[in-house]
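K.L.:
Structure provided below as structure tokens; questions to follow.
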Amino acid sequence: MDSIVIDSLKKSYRKNQPPAVDIGGILTISKGELFGIIGPDGAGKTTLFRMLATLISPDEGTAILESLDILRDYREIRTILGYMPGKFSLYSDLSVRENLDFFASVFGKDVESSYGLIEDIYCRLKPFEKRKAGNLSGGMKQKLALCCSLIHSPSILFLDEPTTGVDPSSRRELWETLARLKASGMTIVVSTAYMDEAGRCDRVGMMKAGRFLAVDSPEDIISKFSRRLAAVRSDDMFRLLKDLRCMADVEKCYTFGDTHHVTLKKDAGIDAASMASILESEFGHTGVYVREIKASLEDCYMNLEDK
Amino acid sequence: MKSGHVIEVEHLTKKFGDFTAVDDISFDVRRGEIFGFLGANGAGKTTAMRMLTGLSFPTSGKGIVAGFDVWTQSELIKKHIGYMSQKFSLYGDLTVNDNLELFAGIYGVPRHEAASRIDELLGRLSLSSEKKSLVRDLPQGWKQKLAFSVSIIHHPEIVFLDEPTGGVDPAARRQFWELIYEAVDEGITAFVTTHYMDEAEYCDRITMMVDGHVEALDSPARLKEKYGASSIAEVFDILARGAVRSE
């Protein structure tokens, strides 16, 4: 069953500039789906969220959320939707508990009726219930914001880069929470700059210049990647990066943790051993390591980027 | 201070009431290295960084940054370091050139030198044609390059980068790290905090803070070896698991 249907949404902020969002055609997201949005800054991710959350109106097109139209039925939509914006948007001079009570009361609910949904996150905030939200650390603010966006038991949850500035352990906790919310039937749309997070989504939409360039499951994105890829290391990583970019068979080279990843040109005949020997003999590298590898989601992103 | 060190910290401690945010940390940062400063939210990174950048005084302990004492010379420290964070960068409603002149002035670059440094910097970034553009109209990637260049416009010995790539997509993150590599190649020292564990691998040495302590300090390769881990992300998990403080 469709939870969200996006139909030819378009939005421009300024004349003479390309639209911030310009989605041709129809994109549907199923009930209970965990849908990830990735893409560079300025791709239109936040604008899309704001239109779907009925905070701004599209210039053209519309979207249907749980059979409600974002233009016509915006009041009802707001009661079934949870939205956690990228910017901290709670009341800094209210306490943790007061924020929660306030958001519950806005929706005509009490905290207790939805407590089960937020219990595992809120238990971490409980010792700080009386602290003003403005005085919480970054990770705690995010936990509180998530609680406030869930307090009315929404059917659909939007999260705009919820893990920016959050440490790896807290990121994992958040994604465990999302998995549980999904299992309860909630539809979740989340944008992220982390490809390991995108990999945990049912489907990922890659956005650029206001459009979706690709929408697919992480597994299919990876299996459709057809280029040969190598991981390369030497004792002088910065020089290695520049040298690899000079090699004839190399199409693209980028840093990747403790190695550099190299995408080979379509017709490249070079293998790992000959690449290693070129790096040693022609470029004078020491400690050379070259191995052909399978692509990860992040490799797919890096190679999609230029298209 | 030893000539090979840009930062020397001994038993540095910061207490807020009866809460010890930074608890007796000691380490050196070597000239010309990329020094990664990692830890969970609330481990004490920001508090430590505020002391090292002259923004707050320690409760006890010693600290020398770029040759100046954190106790007595915090104003001199501020002049001799660079600082950039994801949150604070440039003024969007000023032009590229105005931003550069403003920061050159704040950092005390002599007036007669400022113009030539600004031209050189814009040339290097291929941004000369954008001199009169408002910063808010630039693509994010250019803004970031500009913000980084501004933070080192006064040729500091060390630049502090506080989560410079938070919320940045994989391609732009890598472009940014190449800028860091280039600056370090030219002799500057970089002190970087990040939550991206792949970026930790780009550092020469990394520090892992847990509950206000320096729990580990070594090269990424040696840390992985020591903890029998295949990635720095695993090392982080092993060390962070021992944390008592939850922010």
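Protein sequences, first through last, are from chains P and V.
First residue of the first sequence: 45, per my numbering; consecutive thereafter.
First residue of the second sequence: -3, per my numbering; consecutive thereafter.
Ideal placement from N, C-alpha and C gives every residue a C-beta, glycine not left out.
From the DSSP output, in three-state form, read off V/THR42 for me.
P.N.:
Locating residue 42 of chain V in the second sequence gives position 46, where the first residue counts as 1. DSSP places V/THR42 in helix when its eight states are reduced to three.
K.L.:
Indicate whether at least one CB of chain V lies closer than 8 Å to the CB of P/THR208.
P.N.:
Against the first sequence, residue 208 of chain P aligns to sequence position 164. Yes - at least one Cβ of chain V is within 8 Å of the one on P/THR208.
K.L.:
Between P/ILE82, P/ASP66, P/PRO62 and P/PRO63, which has its C-alpha nearest P/ARG244's C-alpha?
P.N.:
Here residue 244 of chain P refers to the residue found at position 200 of the first sequence. For P/ARG244, the nearest C-alpha among the options comes from P/ILE82.
K.L.:
How is P/GLU295 classed by DSSP in three states: helix, strand or coil?
P.N.:
Numbered from 1 along the first sequence, position 251 holds the residue referred to as residue 295 of chain P. Strand.
K.L.:
Is any beta-carbon of chain V found at less than 8 Å from that of P/LYS351?
P.N.:
Along the first sequence, read from residue 1 onward, the residue named residue 351 of chain P stands at position 307. Its pLDDT being 48, under 50, P/LYS351 is placed unreliably by the model, and nothing is read from it.
K.L.:
Could you run through the region 157 to 184 of chain P and flag, in chain order, every residue whose CB is less than 7 Å away from some CB of chain V?
P.N.:
Of all residues in the region 157 to 184 of chain P, ARG168, SER181, GLY182, GLY183 and MET184 have a Cβ within less than 7 Å of some Cβ in chain V.
K.L.:
Find the residues of chain V that neighbour P/GLY83, judging by a C-beta separation of less than 9 Å, and give them in chain order.
P.N.:
Locating residue 83 of chain P in the first sequence gives position 39, where the first residue counts as 1. Under the 9 Å cutoff, chain V gives ASP165.
K.L.:
Between P/LEU346 and the rest of its own chain, which residues show a CB-CB distance below 6 Å, the 5 nearest in sequence each way excluded?
P.N.:
Position 302 of the first sequence, counted from the start, is the residue given in the question as residue 346 of chain P. In the sequence as displayed, the identity of residue 346 of chain P is Met instead of Leu. Around P/MET346: TYR298.
K.L.:
Tell me, please, whether the CB atom of P/GLY88 is closer than 8 Å to any CB atom in chain V?
P.N.:
The count along the first sequence starts at 1 and reaches residue 88 of chain P at position 44. Not closer than 8 Å to any Cβ of chain V, the Cβ of P/GLY88 fails to qualify, so no.
K.L.:
How many whole angstroms separate the CB atoms of P/MET291 and P/ILE337, which I take to be in contact at a CB cut-off of 8 Å?
P.N.:
As a working mapping, residue 291 of chain P is identified with position 247 in the first sequence. As a working mapping, residue 337 of chain P is identified with position 293 in the first sequence. About 17 Å separates the two Cβ atoms, so there is no contact after all.
K.L.:
Give me the Cβ distance between P/ALA177 and P/LEU138, rounded to the nearest whole Å; I'm assuming they're in contact under 8 Å.
P.N.:
Residue 177 of chain P sits at position 133 when you count from the first residue of the first sequence. Residue 138 of chain P sits at position 94 when you count from the first residue of the first sequence. Their Cβ separation, rounded to whole angstroms, is 6 Å, which keeps P/ALA177 and P/LEU138 in contact under 8 Å.
K.L.:
Along chain P, which residues have their Cβ under 7 Å away from the Cβ of V/ARG218?
P.N.:
As a position in the second sequence, residue 218 of chain V is number 222, starting the count at 1. Here the premise fails: no neighbours, minimum Cβ distance about 12 Å.
K.L.:
Could you give the DSSP three-state label for P/ARG34: helix, strand or coil?
P.N.:
This structure cannot settle anything about residue 34 of chain P, because the visible part of chain P is limited to 45 through 351.
K.L.:
Assuming the contact rule is C-beta atoms closer than 8 Å, P/ASP154 and P/GLY105 should be a hit. Round their C-beta distance to whole Å, please.
P.N.:
In the first sequence, counting from the first residue as 1, residue 154 of chain P sits at position 110. In the first sequence, counting from the first residue as 1, residue 105 of chain P sits at position 61. Not confirmed; about 37 Å, so no contact.
K.L.:
Can at least three beta-carbon pairs, one atom from the region 221 to 229 of chain P and one from the region 52 to 62 of chain P, be found at a separation below 8 Å?
P.N.:
Not touching, per the Cβ criterion.
K.L.:
What is the DSSP secondary structure of V/LEU121, counted as helix, strand or coil?
P.N.:
Position 125 of the second sequence holds residue 121 of chain V. If DSSP states are grouped into helix, strand and coil, V/LEU121 belongs with coil.
K.L.:
Mind checking V/ALA39: buried by the 16 CB within 10 Å criterion, or exposed?
P.N.:
Looking up residue 39 of chain V in the second sequence gives position 43. By the 10 Å Cβ count, V/ALA39 comes out buried.
K.L.:
Between the region 252 to 282 of chain P and chain V, which residues of the former have CB atoms less than 7 Å from a CB of the latter, in chain order?
P.N.:
Going along the region 252 to 282 of chain P in chain order, one finds PHE282 with a Cβ nearer than 7 Å to chain V.
K.L.:
Who are the neighbours of P/THR91 on chain V, taking C-beta pairs under 9 Å?
P.N.:
By 1-based counting over the first sequence, the position of residue 91 of chain P is 47. None at all; the shortest Cβ gap to chain V is about 14 Å.
K.L.:
Could you pull the start and end residues of the beta strand (DSSP E) that P/GLY68 belongs to?
P.N.:
Taking the first sequence and counting its residues from 1, one reaches residue 68 of chain P at position 24. Careful: P/GLY68 lies outside any beta strand (DSSP E) and carries neither H nor E.
K.L.:
Using a Cβ-Cβ cut-off of 8 Å (strictly less than) and excluding sequence neighbours within five positions of V/VAL210, which residues of its own chain qualify?
P.N.:
Translated into the one-based positions of the second sequence, residue 210 of chain V becomes position 214. Contacts found: ILE21, SER22, PHE23, THR203 and MET204.
K.L.:
Just checking, does the region 225 to 241 of chain P make contact with the region 300 to 310 of chain P on the three C-beta pairs under 8 Å criterion?
P.N.:
The region 225 to 241 of chain P, when compared against the region 300 to 310 of chain P, does not touch it at the 8 Å Cβ threshold.
K.L.:
Contact defined as beta carbons within less than 8 Å: I believe P/GLY183 pairs with P/SER214. What is the distance between those atoms, to the nearest angstrom?
P.N.:
For this step, residue 183 of chain P is matched to residue 139 along the first sequence. For this step, residue 214 of chain P is matched to residue 170 along the first sequence. Indeed, because the Cβ distance is near 5 Å, the residues count as touching under 8 Å.
K.L.:
Counting contacts by CB-CB distance shorter than 8 Å, is P/SER199 in contact with chain V?
P.N.:
Counted from its first residue, the first sequence places residue 199 of chain P at position 155. Answer no: the Cβ-Cβ gap between P/SER199 and chain V never drops below 8 Å.
K.L.:
Between the region 119 to 132 of chain V and the region 149 to 164 of chain V, can you find at least three pairs of beta-carbon atoms closer than 8 Å?
P.N.:
In short, these stretches do not touch, since the Cβ pair count stays below three.
K.L.:
Could you tell me which whole beta strand (DSSP E) segments of length 3 or greater appear in the region 153 to 220 of chain V?
P.N.:
Complete beta strand (DSSP E) runs here, min 3: 154 to 158, 185 to 189, 201 to 206 and 209 to 214.
K.L.:
Could you check which residue in V/THR9, V/PHE53, V/GLY63 and V/THR55 has the C-alpha nearest to that of V/ARG26?
P.N.:
On the second sequence, residue 26 of chain V is found 30 positions in, with the first residue counted as 1. Closest by alpha carbon: V/GLY63.
K.L.:
Rounded to the nearest angstrom, how far is the Cβ of P/PHE327 from that of P/ASP287, given a contact under 8 Å?
P.N.:
Taking the first residue of the first sequence as position 1, residue 327 of chain P is located at position 283. Taking the first residue of the first sequence as position 1, residue 287 of chain P is located at position 243. Indeed they touch by this definition, with Cβ atoms about 5 Å apart.
K.L.:
By alpha-carbon positions, which one of V/HIS151, V/ILE102, V/GLY88 and V/TYR87 ends up nearest to V/LEU117?
P.N.:
Residue mapping note: residue 117 of chain V aligns to position 121 of the second sequence, counting from 1. Ranking V/HIS151, V/ILE102, V/GLY88 and V/TYR87 by Cα distance to V/LEU117 puts V/HIS151 first.
K.L.:
Is the distance from the Cβ of P/GLY254 to the Cβ of P/PRO84 below 8 Å?
P.N.:
Taking the first residue of the first sequence as position 1, residue 254 of chain P is located at position 210. Taking the first residue of the first sequence as position 1, residue 84 of chain P is located at position 40. For P/GLY254 and P/PRO84, no; Cβs fall outside 8 Å.
K.L.:
Looking only at its own chain, which residues have a Cβ that is under 6 Å from the Cβ of P/LYS296, when we skip the five neighbours before and after it?
P.N.:
Taking the first residue of the first sequence as 1, we reach residue 296 of chain P at position 252. Taken in chain order, the residues that qualify are THR307.
K.L.:
Taking the C-alpha atoms as reference points, what is the distance between P/ALA107 and P/LEU92?
P.N.:
Here residue 107 of chain P is taken as the residue at index 63 of the first sequence, counted from 1. Here residue 92 of chain P is taken as the residue at index 48 of the first sequence, counted from 1. Their backbone Cα atoms lie some 10 Å apart in a straight line.
K.L.:
If you measure between the beta carbons of P/LEU161 and P/LEU194, is that distance less than 8 Å?
P.N.:
As a first step, residue 161 of chain P must be located in the first sequence, where it is residue number 117. As a first step, residue 194 of chain P must be located in the first sequence, where it is residue number 150. Yes; because the gap between Cβ atoms is below 8 Å, this pair is in contact.
K.L.:
What did DSSP end up calling P/TYR159 once you bin it into helix, strand or coil?
P.N.:
To locate residue 159 of chain P, count along the first sequence from 1; it is residue 115. Helix, per DSSP.
K.L.:
For a contact defined as C-beta to C-beta under 7 Å, what are the partners of V/GLY40 on chain P?
P.N.:
Looking up residue 40 of chain V in the second sequence gives position 44. The premise fails here: V/GLY40 is roughly 11 Å from chain P at the closest Cβ pair, so nothing lies under 7 Å.
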